[in-house]
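Counting from 162, one number per residue, gives the positions in the sequence shown under our numbering.
For glycine and all other residues, C-beta sits at the position ideal for the given N, C-alpha and C.
All of these numbers come straight from a predicted model, not from anything done at the bench.
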Amino acid sequence: MTDAVLETTDVTVLLVDDNPQNLKVLYETLKDKGYRLLIANDGEKALDLAHRHQPEVILLDIMMPELDGYQVCERLKADPVTSDSAVVFLSALDDLQAKVRGFSLGGADYISKPFQAQEVIARVKTHARVIRLERELQARNRQLENDQARILNSISEGIYGLDATGTIIFANPAAALIMRSSADELIGQNFFVLHFRTAGQGCASLPVYATCSQGVAENQRNIEMLRADGTSFPVEYRATPKLDGNELHGAVVVFRDITTELESEQALEDARNLVQEQREQIAHFSRLTTMGEMAAGVAHEVNQPLTAITNYARVARRVLAKEQPDQQLLEDTLEKIEAQSHRASEVIRRIRRFMKKPAAGKDVLSISALLEDTRQFAEVDIRNNEGGVEISVADDVPEVVADPIQVQQVALNLIRNALESTRSANSSAPVEVSVSMSDGRCVRVAVTDHGVGLPDDAEEKLFLPFYTTKEEGMGIGLPTCRSLIQAQGGDIGFERPAQGGARFYFTLPVAGTGGAACAPEPGPSKPAD
162 MTDAVLETTD VTVLLVDDNP QNLKVLYETL KDKGYRLLIA NDGEKALDLA
212 HRHQPEVILL DIMMPELDGY QVCERLKADP VTSDSAVVFL SALDDLQAKV
262 RGFSLGGADY ISKPFQAQEV IARVKTHARV IRLERELQAR NRQLENDQAR
312 ILNSISEGIY GLDATGTIIF ANPAAALIMR SSADELIGQN FFVLHFRTAG
362 QGCASLPVYA TCSQGVAENQ RNIEMLRADG TSFPVEYRAT PKLDGNELHG
412 AVVVFRDITT ELESEQALED ARNLVQEQRE QIAHFSRLTT MGEMAAGVAH
462 EVNQPLTAIT NYARVARRVL AKEQPDQQLL EDTLEKIEAQ SHRASEVIRR
512 IRRFMKKPAA GKDVLSISAL LEDTRQFAEV DIRNNEGGVE ISVADDVPEV
562 VADPIQVQQV ALNLIRNALE STRSANSSAP VEVSVSMSDG RCVRVAVTDH
612 GVGLPDDAEE KLFLPFYTTK EEGMGIGLPT CRSLIQAQGG DIGFERPAQG
662 GARFYFTLPV AGTGGAACAP EPGPSKPAD
């Protein structure tokens, strides 16, 4: 503190002496130095003034009647209100024992009579500065302690202070609330014994023990702790060592009850599973709907080989009815029956594979083989729409990772839509299915039709549930396709080719890329090539 600050500060100095002349000398010496001066001519009055005004410096005469200076000093130091005042003894005594006794009672300094004005001024100034600084420091410490207490009391997380053995030496109100106890009941208990069932088997493996014993910081989640009443609850905690230099004094533990948080996480996971289950149900319903739409054609597909088998069986019977059966004709007829049965079996196999719910997980598959299988499955639509499907696969296309049933459902949906759109425009051009690489990590499958194109507001509505441009459509095909492709880690969208019509595409991750999702392609801002 500077001199200027000291002189403008309300520093109080108490002058105590039973000799009026000495008091006058002291008063005259200090009256113009910026101090508030108090005067007492006996010990009792000095004690009263000191208790009421708490002076920074007390100039105290030793040789006084009734209460001498030593007795006054002893009582001043015993009173918390005046214990920090600097007591400077005044005496004509100059022996060492008198000084030692004064210092042992809490005296701060010693001035011998007769007084030297400059000495008195200098010593009062020094002690006033020291006491003032000490009081300011104490005030700041109290403020910091109050601020710290308010902060700790306002924190919703529980906080423990532990010593090196794990004994709780501090607990904030939040800790008491979580523990359903009081802070006073928690303090003094052993943290490990209080909170863990297995503490009796040793503490070395328990949470926080390494922090207390080795100074190792810890941070763990979903650890079970016990409350004071014996009930358990899950917590997340952070343990920080208390260090003084290199010396370990225990740990500070911050913890919180995460019961509600875990319940919310479980509810969210259940909701996700429910959504996934509903998506699978919708996709399965979409396949059933597709199968219903294709039922007549499928029946025709199966009926053709069955009719052929019946006819060939009749031929075989006529051959066998002859006296000398034509063995070659009979053999050829049986081979044809076998071929037609395989044809019927293949149709049924495709239907069964398409109708079943996909198993969990994805396979490494050839997209070209899958599309060829899909094209065969769409032969009924090809005939009904008097069109065709051309598949072109680039040479550099690798295998992909996906669910084959779900990908086939998407491809079949897009191909059937393309065939219907092309026919609605009275065009006989084949639907074009092209496969190429996209950004080096994904395979892009595009289905291009030769129809009337897409409406202007297609970007906003086309993939919305129950929006359709078909008179008898349900509007679940494209939304289901989007859900299925996104579940594979791919993307789906559409373009407007420059030559007219529409092009729908979807992407799938290449095998060996670690399952990284495909980046969405830019929206159809202008006609594509």
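C-alpha of V354 to C-alpha of A283: approximately 60 Å in a straight line.
Of the other Cβ atoms in all chains shown, fewer than 16 fall within 10 Å of the Cβ of Y188; this residue is therefore exposed. Assignment of beta-bridge partners to E379 by DSSP yields A400. Looking only at F352, D390 and L639, the smallest Cα-Cα distance to Q570 is reached by L639. The three-state reading of DSSP puts L175 in strand, counting E and B together.
Considering only E227, R293, D240 and L266, the residue with the shortest C-alpha distance to V174 is R293. At a Cβ-Cβ threshold of 9 Å, A672 and P559 count as neighbours. In the three-state scheme derived from DSSP, where H, G and I count as helix and E and B as strand, S529 is classed as helix. By a beta-carbon distance limit of 8 Å, I320 contacts A336. Their separation comes to about 6 Å. Taken through DSSP and simplified to helix, strand or coil, N351 comes out as strand. As the crow flies, the alpha-carbon of A477 is around 6 Å from that of L491. Contiguous alpha helix (DSSP H) elements confined to the segment 191-236 occur at 204-214, taking only those with 4 or more residues. Note that the C-beta distance between G204 and L184 is not below 9 Å. DSSP places P241 in no alpha helix (DSSP H); its state is neither H nor E. Partner residues in a beta bridge of V436, as assigned by DSSP, do not exist. DSSP places T326 in the coil class of the three-state scheme, outside both helix and strand. Counting only residues of its own chain and dropping the five nearest sequence neighbours on each side, E682 has a CB closer than 7 Å to the CB of D652 and G654. By the C-beta criterion, the segment 231-246 is judged to be in contact with the segment 206-215, since at least 3 inter-stretch pairs fall below 8 Å. Taking C-beta atoms as the reference points, D270 and D222 fail to come closer than 9 Å. In this structure, I384 sits near Y398, with a CB-CB distance shorter than 9 Å. Annotated as distal: N351 and I330, with beta-carbon spacing of 9 Å or more.
Secondary structure at C364: coil, using DSSP grouped into helix, strand and coil. Note that the C-beta distance between L615 and V562 is not below 9 Å. Leaving aside the five residues that flank A247 on each side, the residues in its chain whose CB is nearer than 8 Å to its CB run, in chain order, E217, V218, I219, A269, D270, H288, A289, V291 and I292. In the DSSP assignment, Y271 is bridged to F250. Here DSSP, grouped into helix, strand and coil, assigns E499 to helix. Taken through DSSP and simplified to helix, strand or coil, G263 comes out as helix. Straight across, the Cα-Cα distance linking Q660 with T609 is about 11 Å. Taking C-alpha positions only, A332 is separated from A648 by approximately 49 Å. Here the C-alpha atom of S502 lies approximately 42 Å from the C-alpha atom of R602. Rounded to whole angstroms, the gap between the alpha carbons of E438 and D524 is 20 Å. Note on K192: under 16 other CB atoms within 10 angstroms of its CB, so exposed under the neighbour-count rule.
A residue is called buried when at least 16 other Cβ atoms come within 10 angstroms of its Cβ; V436 does not meet this threshold and is exposed.
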